[in-house]
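Below is one structure, written out as structure tokens; the observations come after it.
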Amino acid sequence: MEQLFQDTRQGFADFVEQRRDLMQLIESSENDVPIVLKILRDVEQSSPSDVFLLFADPFHHPGAFVDMVMERLREEHQIAADWLKEQEKEAIAAPPEALFDSNGDPVERLIGAIKYSRSLLPCCGGHRLVWVLFPTEVGDKHGWYELLENLAPHQGVQTWMRNVRLMVRDLPKCQRLRHSLVEAPRVQWLPVDFSAAALEQANVDQMEDESMPMEKRMHALLQLAQRDYAYNRSKQAVDKFNRLLGYYQSTEDHGMQALVLNSLGDVHQRNNQLPRAQHYYECAVHEVTQSNNHVVFYTIVKNLGDVHFKQKQYAEAEQCYAHAETLATHLLDAEGKAQMLEKQGLTREKIKDHAGAVGFWETAVTLCRNCTMDGLLEVNLRHLKRGYKSLKQREKAATVDQELLLLKQQPPAEV
């Protein structure tokens, strides 16, 4: 998979560096747009001498899209102007007002904007202007390709095209609409595919590539094993994890051994093979204590607690949850700490120690209130209500009921 991303990034970088073509058509599904934009940003960061202008607004009509592009251009100019003022440097010219006339021809306005931004490039040093037109969605396919047709160099290289690179979105299954663009001079076509099937195949290719460093091949194998686990292909997952375990034992990488052993435990736990899962988790604990990965340590101990709990070994489960709580505290993981307090309460409830259970849940509730974790707060309040009823503390149970009611009436938290 890593190679797939590198190849895509290299394809983008090579286009920016080359001096022949004006336009790169990048075929991308809607799901892949965020990944493409992230890679383009990486290319921008590695090209400090070039000027990138990236526009990803939805496209529903040429005029409306160009309106949004112009507003983004105005914002970019204002940011640059403010920075130059702070640095006490010479101001740059504002975009011509004619570009913001919504009644103007969208193609002329867009070309005018490119001409304006091109004029801001330093006069020497080989700087390039990269315009990325990559709408997250395209409602009017014909309008989109008509706009691109008017930007393509069908009539040869024009003045505004010099030192300019246009990286634009191409849509899947639009062979007829893109045909004349692909056939145009100075236009490249680059399909990208980050679908699940493509990523899996990329991992297979990387794992089987004997020219790759073994560490990278094993990383690809790990991705494949985790995918097998996600799709409940237990036998394939176990085979891959065992191969990984052998490799990391040979390199004495205790952290990765712990990660793989934990994954083997997960496979067996999901299949309800609890003693086998417990064995792998216990082996993972031994390995992780020889590394410095507290996040993996927390996960393993929590999983071991879950297996003990399912086997009704409540004392052992509580001990694991208590240790995981300590690790969550060390990691400043409030959510993890609240979950482990909840689980310790559940173990006490199983042995009929309702007072002990209530003590854990009260602590968890306080933590959830203080850290605004409403989801976990509701879960622990429901446990607490049950615990108070078991202790015949009806007034406290009624108070919890009131808090649960208020919690339901709260508007959803903003993301």
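Mapping to numbering that gives the first Met the number 0: the sequence shown position 218 is 217, numbers consecutive. Each residue gets a CB set at the ideal place from its N, CA and C atoms; glycine is no exception.
Of the residues HIS267, CYS282, SER233, LEU273, which one's Cα is nearest the Cα of GLN248?
The count along the sequence shown starts at 1 and reaches residue 248 at position 249. Checking every option, the nearest Cα to that of GLN248 belongs to CYS282.
Give, in chain order, every unbroken run of the alpha helix (DSSP H) that is at least 4 residues long and sits entirely within the region 263–288.
273–287
Output the distance between the C-alpha atoms of ILE299 and ASN291, rounded to the nearest integer angstrom.
Stepping through the sequence shown from its first residue, residue 299 is reached at position 300. Stepping through the sequence shown from its first residue, residue 291 is reached at position 292. The alpha-carbon atoms of ILE299 and ASN291 are separated by roughly 13 angstroms.
When you compare each of ILE91, HIS60, LEU383 to HIS353 by their alpha carbons, which one comes out closest?
Here the question's residue 353 lines up with position 354 in the sequence shown. Cα-wise, what sits closest to HIS353 is LEU383.
Can you list, in chain order, the residues of its chain whose CB lies under 7 angstroms from that of GLU377, leaving out five sequence neighbours each side?
Sequence index remark: in the sequence shown, residue 377 carries index 378 (1-based). The residues are LEU403, LEU406.
Under a three-way DSSP split, which group does GLU136 fall into?
Within the sequence shown, numbered from 1, the residue matching residue 136 stands at position 137. GLU136 falls in the coil class under three-state DSSP.
Output the distance between the C-alpha atoms of MET69 and ARG168, rounded to the nearest integer angstrom.
Taking the sequence shown and counting its residues from 1, one reaches residue 69 at position 70. Taking the sequence shown and counting its residues from 1, one reaches residue 168 at position 169. In a straight line, the C-alpha of MET69 is about 18 angstroms away from that of ARG168.
List the whole-angstrom C-beta distance separating VAL163 from LEU132, where the pair is believed to meet the contact cut-off of C-beta under 8 angstroms.
The residue labelled residue 163 in the question sits at position 164 within the sequence shown. The residue labelled residue 132 in the question sits at position 133 within the sequence shown. Contact doesn't hold; Cβ gap of about 12 angstroms is too wide.
Complete alpha helix (DSSP H) runs within the region 61–87 (minimum length 4 residues, chain order)
61–85
Inter-residue CB distance, LYS301 and MET339 (contact presumed, cutoff 8 angstroms)
Here residue 301 refers to the residue found at position 302 when the sequence shown is read from its first residue. Here residue 339 refers to the residue found at position 340 when the sequence shown is read from its first residue. Sure, about 7 angstroms apart at Cβ, within 8 angstroms.
Return the residue from the list GLU96, LEU3, LEU83, GLU136 that minimises the CA-CA distance to ASP425.
Nothing in the structure corresponds to residue 425, since the chain is present only between 0 and 414.
With a threshold of 6 angstroms on Cβ separation, who are the neighbours of TYR320 within its own chain once the five nearest residues in sequence on each side are excluded?
Indexing the sequence shown from 1 puts residue 320 at position 321. Once the five neighbours on either side are set aside, the close Cβ partners of TYR320 are GLY304, MET339, LYS342, GLN343.
Which residue or residues does DSSP assign as beta-bridge partners of GLU26?
Taking the sequence shown and counting its residues from 1, the one referred to as residue 26 is at position 27. Paired residues: ASP169, PRO190.
At which residues does the alpha helix (DSSP H) containing VAL399 begin and terminate?
For the purposes of this step, residue 399 is taken as the residue at position 400 of the sequence shown. First-last of the alpha helix (DSSP H) with VAL399: 393–408.
Between PRO171 and PHE58, is the Cβ-Cβ spacing less than 8 angstroms?
Residue numbering aside, residue 171 sits at position 172 when the sequence shown is read from its first letter. Residue numbering aside, residue 58 sits at position 59 when the sequence shown is read from its first letter. Contact: no.
What do you reckon, are the CB atoms on ILE34 and LEU189 nearer than 8 angstroms?
Residue 34 sits at position 35 when you count from the first residue of the sequence shown. Residue 189 sits at position 190 when you count from the first residue of the sequence shown. Against a cut-off of 8 angstroms, the Cβ pair of LEU189 and ILE34 comes out as no contact.
With the cut-off set at 8 angstroms, would you say ARG73 and PRO94 are in Cβ contact?
Within the sequence shown, the letter at position 74 stands for residue 73. Within the sequence shown, the letter at position 95 stands for residue 94. In contact: ARG73 and PRO94 (Cβ atoms closer than 8 angstroms).
Please list, in chain order, all residues of the same chain as SER233 whose beta carbon is under 7 angstroms from its beta carbon, the five residues on each side excluded.
Here residue 233 corresponds to residue number 234 of the sequence shown, with the count starting at 1. Excluding residues within five positions, the ones whose Cβ falls inside 7 angstroms are VAL266, ASN270.
Meets three-Cβ-pair contact criterion under 8 angstroms: the region 42–53 and the region 8–16
yes
So, for ALA363: in the same chain, excluding its five sequence neighbours on each side, which residues have a beta-carbon less than 6 angstroms away from its beta-carbon?
Counted from its first residue, the sequence shown places residue 363 at position 364. ALA337, LEU340, GLU341, ASN379.
Assumed close pair LEU243, ALA224 - CB separation to whole angstroms, cut-off 8 angstroms:
Position 244 of the sequence shown, counting from 1, holds the residue named residue 243. Position 225 of the sequence shown, counting from 1, holds the residue named residue 224. The pair is a contact, with the Cβ atoms about 6 angstroms apart (cut-off 8 angstroms).
Which of the three DSSP states is assigned to ARG381 in this structure?
On the sequence shown, residue 381 is found 382 positions in, with the first residue counted as 1. Helix at ARG381.
For VAL295, the residue or residues it bridges with in DSSP
Position 296 of the sequence shown holds residue 295. Answer is none; VAL295 lacks a bridge partner.
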